[in-house]
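Chains as they are written, first to last, in the working numbering: chain A, 12 to 347; chain B, 12 to 347.
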């Protein structure tokens with residue numbers, strides 16, 4: 012299916028050793044599939060914490076091409092061993108739920124801050140030549156002071172998760188500057204696609220919308236539906252990660268991802284209903300605990316990564332959502 | 012000595028219960044002395060970790076006016092108990108050494124991040140009406156992009172200590188916004204004065220300079236001595252803290268401290284030698300591990316706290332240094 016020899020990134024990754032933390036999760040598993048196709052020697056680290064994104068079905072069919080190592084990144088000993096000898100590490104494991112970070116801030120601290128420190132410390136001590144990509148989030152900007160939000164926008168997190176993601180990405184940047192580690196930070200906006208968590212809103216609101224749509228329940232929009240968002244299809248995010256790991260101009264940099272297509276939540280719900288061929292949506296009042304940490308309109312400028320690394324998202328929202336709906340109609344029993 | 016009734020802050024603090032974490036340290040103990048004079052019921056929490064600033068002599072002579080509780084803020088149980096019933100909490104305990112934060116980032120994380128989370132969580136659950144002041148640092152700005160540095164300057168820490176101080180102050184601000192805790196953050200610049208640590212550079216470079224001067228050793232300046240700094244005498248910082256705790260305009264705010272007197276390191280060394288009546292200084296090359304995390308010239312704009320709370324530092328550098336030298340000439344044996 013894949014014409015490997017002619018594909019970009021084959022030269023950079025064929026035969027190379029790649030570690031992906033959170034590798035059984037949404038983005039990690041999509042990245043793993045791509046890297047396996049590029050003939051990399053991929054090791055996935057995942058703890059399969061039930062509330063997080065890891066799912067063994069995410070690597071269904073490619074298991075022989077991968078090494079799956081079940082471990083928690085909060086365990087510094089496993090990590091210290093696993094990091095050695097790797098050419099690349101994609102640091103994707105994280106606690107992603109904003110609400111969980113408010114009810115259990117210490118777990119968020121352990122995963123999004125302390126464990127990231129374990130990773131950069133292990134690299135510094137045992138593998139200083141490794142190339143590192145850290146998945147950060149637009150959440151760190153908080154309520155936008157202007158739109159689109161570029162990388163110079165002040166960092167002003169509105170929840171514990173955002174505070175710890177700031178610390179997390181700061182470790183990578185600091186270890187880059189002080190110890191010369193080769194690190195790139197990507198600040199992801201809403202990412203969606205096959206293999207995302209749809210059980211609940213812990214990873215993305217879109218997962219729950221999609222599940223309800225497929226189940227024949229109305230999509231529930233918090234508020235008036237006028238809020239603007241940009242979304243990236245996971246394949247485009249995977250491409251950004253491969254660029255971040257290999258492009259010489261990526262070293263030491265922090266880039267926003269984002270999309271040309273800015274959409275209101277109501278327009279997004281409409282489009283999903285349309286693509287699904289049936290379904291409805293409803294607007295309901297914001298739950299109080301969500302309103303407190305809501306950021307209003309958000310969309311990114313991704314001009315910097317476009318200029319520096321040549322990245323542009325290639326998948327339209329309609330294409331991406333159609334592919335995602337098709338995936339979950341086919342594999343519902345693995346994700347519900 | 013003190014004409015208590017006529018002094019400002021008497022009304023706000025007389026009979027009030029005040030907790031000071033890091034209360035046996037440099038700034039904490041000076042604050043405690045002031046609060047005791049204002050007839051507050053002061054409890055000091057300090058762990059007396061030998062590498063940090065705590066020193067029992069710092070409360071010499073005022074012990075009967077205080078409650079000293081030896082505990083580590085990394086212990087959530089003690090803190091949960093101690094926070095209850097307090098009217099004010101000055102959160103001053105911290106790991107302050109930039110170099111130590113690089114060699115032992117986990118301890119810095121525990122004290123400057125996790126323990127601060129314990130404090131705000133304990134306040135949220137057991138004492139939501141408390142007034143909180145958090146001592147942050149100019150270190151979070153990193154290398155200045157412009158001078159003087161105001162509060163809108165991007166946060167860009169150059170060491171692990173800075174990363175965790177950002178997290179620490181973010182907790183206070185977040186809990187203010189989301190849970191309505193009454194918090195104010197002060198970003199301190201170099202503070203000096205009686206009761207500072209002079210054993211080493213962990214708290215401030217000025218302590219070691221002063222110790223060497225009194226010992227008859229040359230003051231050692233790293234680099235060419237042209238680097239600019241602003242310094243605050245501790246009494247002025249104490250006044251800022253009392254304002255931060257009591258002024259209605261302080262709630263939810265973040266303020267720089269700073270000084271009108273901006274001075275080069277060489278000019279500062281000269282002034283200290285002059286005030287001491289004898290001594291010398293030498294310029295030596297930057298130690299490599301310091302150069303990596305050095306920030307070059309720095310001085311703050313304190314316009315915002317001046318406008319909002321009416322604060323201005325009142326002690327000139329010459330006055331403050333003279334008082335400090337006199338203190339250490341008299342009490343050398345307690346601090347060496």
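Just so you know, even glycine gets a beta-carbon here, dropped at the ideal spot from N, CA and C.
Note that the coordinates shown come from a computational prediction; the quantities given were computed from them, not determined experimentally.
- A distance below 8 Å between beta-carbons, with the five flanking residues on each side excluded, links residue 145 of chain A to the following residues of its chain, in chain order: 102, 127, 179, 180, 183, 194, 195, 196 and 197.
- The Cβ atoms of residue 310 of chain A and residue 273 of chain A lie closer than 7 Å to each other.
- Chain order gives no chain B residues near residue 108 of chain A, where near means a beta carbon separation below 7 Å; the closest approach is about 15 Å.
- Taking a Cβ-Cβ cut-off of 8 Å, residue 45 of chain A has no neighbours in chain B, whose nearest Cβ is about 32 Å from it.
- Residue range 328-346 is occupied by the alpha helix (DSSP H) that includes residue 344 of chain A.
- Chain A places a beta carbon closer than 7 Å to that of residue 189 of chain B, counting this residue as a contact.
- Minimum Cα-Cα distance from residue 129 of chain B among the listed residues B:314, B:86 and B:263 corresponds to B:86.
- Assignment of residue 243 of chain B by DSSP, reduced to helix, strand and coil, places it in the strand class.
- Ranked by Cα distance from residue 174 of chain B, the first of B:163, B:213, B:202 and B:123 is B:123.
- Within the region 111-160 of chain A, the runs of beta strand (DSSP E) that reach at least 3 residues and sit entirely inside it are, in chain order, 142-148.
- For residue 116 of chain A, the number of other beta carbons within 10 angstroms of its own is at least 16, and it is reported as buried.
- Take the alpha-carbon of residue 141 of chain B and the one of residue 94 of chain B: they are about 9 Å apart.
- Chain-order list of chain B residues neighbouring residue 132 of chain A: 116 and 117, by C-beta distance under 9 Å.
- DSSP places residue 78 of chain B in the uninterrupted beta strand (DSSP E) bounded by 77-81.
- The beta-carbon of residue 210 of chain A is placed no less than 7 Å from the nearest beta-carbon of chain B.
- It is roughly 35 Å from the alpha-carbon of residue 50 of chain A to the alpha-carbon of residue 151 of chain A.
- CA-CA distance, residue 44 of chain B to residue 147 of chain B, rounds to 21 Å.
- Looking only at A:78, A:213 and A:291, the smallest Cα-Cα distance to residue 226 of chain A is reached by A:291.
- At least one C-beta of chain B is nearer than 7 Å to the C-beta of residue 303 of chain A.
- Close partners of residue 298 of chain A in chain B (Cβ separation under 8 Å) are lacking, with about 14 Å as the shortest Cβ gap.
- Taking a Cβ-Cβ threshold of 7 Å, the residues of chain A close to residue 165 of chain B are 165, in chain order.
- Any Cβ of chain B closer than 7 Å to the Cβ of residue 40 of chain A would place that residue at the interface, and such an atom is absent.
- Listed by position along chain B, the residues whose Cβ is nearer than 8 Å to that of residue 124 of chain A are 120, 124 and 178.
- For residue 312 of chain B, there are no C-beta contacts with chain A under 8 Å, since the nearest C-beta of that chain is about 16 Å from it.
- In the three-state DSSP reduction, residue 37 of chain B falls in the helix class (H, G or I).
- Excluding the 5 residues flanking it on each side, residue 100 of chain B has same chain C-beta neighbours closer than 6 Å at 30, 141 and 143, in chain order.
- With distances taken between CA atoms, residue 163 of chain A lies nearest to A:264 out of A:296, A:264 and A:337.
- Among the residues of the region 146-170 of chain B, those with a Cβ less than 8 Å away from any Cβ of chain A are 163, 165, 166, 168, 169 and 170, in the order of the chain.
- If the five residues before and after residue 77 of chain A are omitted, its C-beta is found closer than 7 Å to the C-beta atoms of 43, 47, 53, 55 and 70, all from its own chain and listed in chain order.
- The C-beta separation of residue 283 of chain B from residue 224 of chain B comes to about 6 Å, placing the pair in contact by the 8 Å criterion.
- Counting C-beta atoms within 10 angstroms of its own C-beta, residue 27 of chain A has 16 or more neighbours from the protein chains shown and is therefore classed as buried.
- Shown here, residue 257 of chain A sits in a helix according to DSSP, grouped into three states.
- At a cut-off of 7 Å between beta carbons, residue 181 of chain B contacts chain A.
- Under the Cβ criterion (8 Å, minimum of three pairs), the region 239-257 of chain B counts as touching the region 294-313 of chain B.
- Comparing alpha carbon positions, the residue from A:62, A:331 and A:59 closest to residue 205 of chain A is A:331.
- The C-alpha of residue 323 of chain B is placed about 16 Å away from the C-alpha of residue 159 of chain B.
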